[in-house]
Amino acid sequence: MADLRQRQSILIADDVPDNIELLAAILEDEYTIKVAPNGEKALKIAYSDTPPDLILLDVMMPGLSGHEVCRRLKSNPDRQHIPVIFVTAMCSVEDEKLGLEIGAVDYITKPISPPVVKARVRTHLALYDQTRELERMVAQRTNELLSSRQQIIQRLGRAAEFKDNETGNHVIRMAHATRLIAEVAGMGSKAQEILQLAAPMHDIGKIGIPDHILLKPGKLNAEEWQLMKQHPQMGADIIGSHDDELLQTAGIIALSHHERWDGSGYPYGLRGEAIPLAGRIVAIADVFDALLSARPYKKALPLSEALDYMYSQSGAHFDPQLIEAFRKALPEILRIRANYADDEGQGN
126 MADLRQRQSI LIADDVPDNI ELLAAILEDE YTIKVAPNGE KALKIAYSDT
176 PPDLILLDVM MPGLSGHEVC RRLKSNPDRQ HIPVIFVTAM CSVEDEKLGL
226 EIGAVDYITK PISPPVVKAR VRTHLALYDQ TRELERMVAQ RTNELLSSRQ
276 QIIQRLGRAA EFKDNETGNH VIRMAHATRL IAEVAGMGSK AQEILQLAAP
326 MHDIGKIGIP DHILLKPGKL NAEEWQLMKQ HPQMGADIIG SHDDELLQTA
376 GIIALSHHER WDGSGYPYGL RGEAIPLAGR IVAIADVFDA LLSARPYKKA
426 LPLSEALDYM YSQSGAHFDP QLIEAFRKAL PEILRIRANY ADDEGQGN
């Protein structure tokens with residue numbers, strides 16, 4: 126006899142004990158049998174931590190009918206894929222049509238034929254197994270593609286940073302800080318994740334800026350500064366237009382993270398809430414980490430001086446409400462900064 130732990134399970138739901146006994150006798154040598162004398166019990170078993178692999182469901186039962194049980198199962202995302210076979214004396218074409226329309230995979234009429242029951246159950250369990258395996262493979266491949274996409278985005282962000290900074294840890298730190306500020310600001314978990322993944326692309330446009338400008342140790346002249354101010358648009362152009370939400374967000378961030386709350390930023394001089402929220406959040410995370418980091422044209426500021434600047438720019442450079450979110454997130458931001466310190470090598 127097969128190992129019970131490896132057996133597929135069949136739920137038989139019928140209000141007539143003799144019908145349950147007959148179906149169980151036909152199937153119990155090959156499958157683990159669960160029984161329910163009514164629709165309520167059938168749903169309870171289906172919603173349990175160990176749902177059946179297939180349900181044989183009578184239509185005419187007291188309380189919840191088989192049709193209603195099937196409708197409820199098919200409206201539940203966690204259980205809608207369990208195959209349901211109606212086993213009933215209702216044998217008209219209209220009855221069978223209704224059963225299939227509400228989600229059943231098959232329809233067996235009473236009196237039942239044991240070979241037919243076995244064949245139908247075996248066929249639909251095999252199809253269900255194939256479906257689950259395909260879903261598993263799709264989910265695995267989707268996760269692999271998401272991971273690859275995230276790595277590509279992060280590496281492209283680092284490519285831009287390496288042009289004017291000896292370490293790529295800046296993009297790691299500011300991406301984490303972006304998520305933390307978004308969390309305190311009340312954004313949902315999905316939005317937080319997208320922001321964290323997109324933030325490393327904020328300066329991708331620097332790839333298009335000549336090295337003699339990016340690496341200049343002194344102040345840029347007017348002509349050089351005009352070239353530097355083109356990098357947000359270059360970044361948006363590099364990312365391009367996409368239906369993908371992550372890449373859309375990355376493009377918005379690249380274009381808007383140098384805008385300022387008071388309208389004095391670039392490239393378009395947007396003011397206040399006309400600046401996309403993603404750009405406003407990234408601006409805070411980016412500037413704070415940059416203040417604490419050494420660059421070819423400046424030394425790193427002490428923490429106290431960096432914070433003085435950040436808070437003094439509330440309502441000028443930065444959105445005042447987001448500066449308050451930054452203030453609340455600061456302990457965790459500093460912890461992240463310590464974990465990805467430049468002298469500790471490249472982060473992952």
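Just so you know, we're using the working numbering here: the sequence shown kicks off at 126 and counts up by one.
Idealized CB from N, CA, C, for every residue including glycine.
To the nearest angstrom, how far is it from the Cα of P342 to the Cα of E430?
21 Å
Kindly indicate the opening and closing residues of the beta strand (DSSP E) around A454.
Element bounds for A454: not the beta strand (DSSP E) but the alpha helix (DSSP H), 445–464.
Looking at C-alpha atoms only, which residue of E155, A149, R196 is the closest neighbour of A171?
R196
Heavy atom of the ligand FAD less than 7 Å from the Cβ of D328, yes or no?
Annotation note on the ligand FAD: not contained in the displayed structure, which lists no ligands.
Evaluate K344 with the Cβ neighbour count: other Cβ atoms within 10 Å of its Cβ, from every protein chain shown; 16 or more gives buried, anything less gives exposed.
Exposed, since its Cβ has fewer than 16 Cβ neighbours within 10 Å.
Straight-line CA distance for A419 to F443?
22 Å
Among residues of its own chain, excluding the 5 on either side of H367, which ones have a beta-carbon nearer than 8 Å to its beta-carbon?
Q373, G376
Can you list, in chain order, the residues of its chain whose CB lies under 6 Å from that of V160, leaving out five sequence neighbours each side?
I137, I145
With a 10 Å radius around its C-beta and 16 neighbouring C-beta atoms as the bar for buried, classify V241 as buried or exposed.
exposed
Out of A302, I448, V263, V309, which has the shortest C-alpha to C-alpha gap to A324?
A302
Taking Cβ positions, are G408 and G330 nearer each other than 8 Å?
Per the sequence shown, the amino acid found at residue 408 is Ala instead of Gly. Not a contact, by the Cβ cut-off of 8 Å.
Can you tell me whether D231 is helix, strand or coil according to DSSP?
strand
By the 10 Å Cβ neighbour count, where 16 or more other Cβ atoms means buried, how is L305 classified, buried or exposed?
buried
I want to know whether the stretch 181–191 touches the stretch 207–219 - three or more CB-CB distances under 8 Å.
yes
For S389, name the three-state secondary structure that DSSP assigns.
coil
Mapping DSSP to helix, strand and coil, what is L345?
coil
What do you get for A399, buried or exposed, if any count of 16 or more other CB atoms within 10 angstroms of its CB means buried?
Counting Cβ neighbours within 10 Å, A399 comes out exposed, since fewer than 16 surround it.
What are the start and end residues of the alpha helix (DSSP H) that includes A300?
294–309
Cβ atoms of G224 and G188: under 8 Å apart, would you say?
no
Name the two residues that bound the continuous beta strand (DSSP E) containing V407.
That residue, V407, is in no beta strand (DSSP E); its alpha helix (DSSP H) goes 402–416.
Put R420 into one of helix, strand or coil per three-state DSSP.
In the structure shown, R420 falls within a strand segment according to DSSP collapsed to helix, strand and coil.
With 16 as the cutoff for other CB atoms within 10 Å, does E370 come out buried or exposed?
Counting of Cβ neighbours within 10 angstroms places E370 among the exposed residues, the total staying below 16.
Apart from the five residues on each side of it in sequence, which residues of its chain come closer than 6 Å, Cβ to Cβ, to G360?
I329, G330, A379
List the endpoints of the continuous alpha helix (DSSP H) containing I145.
142–152
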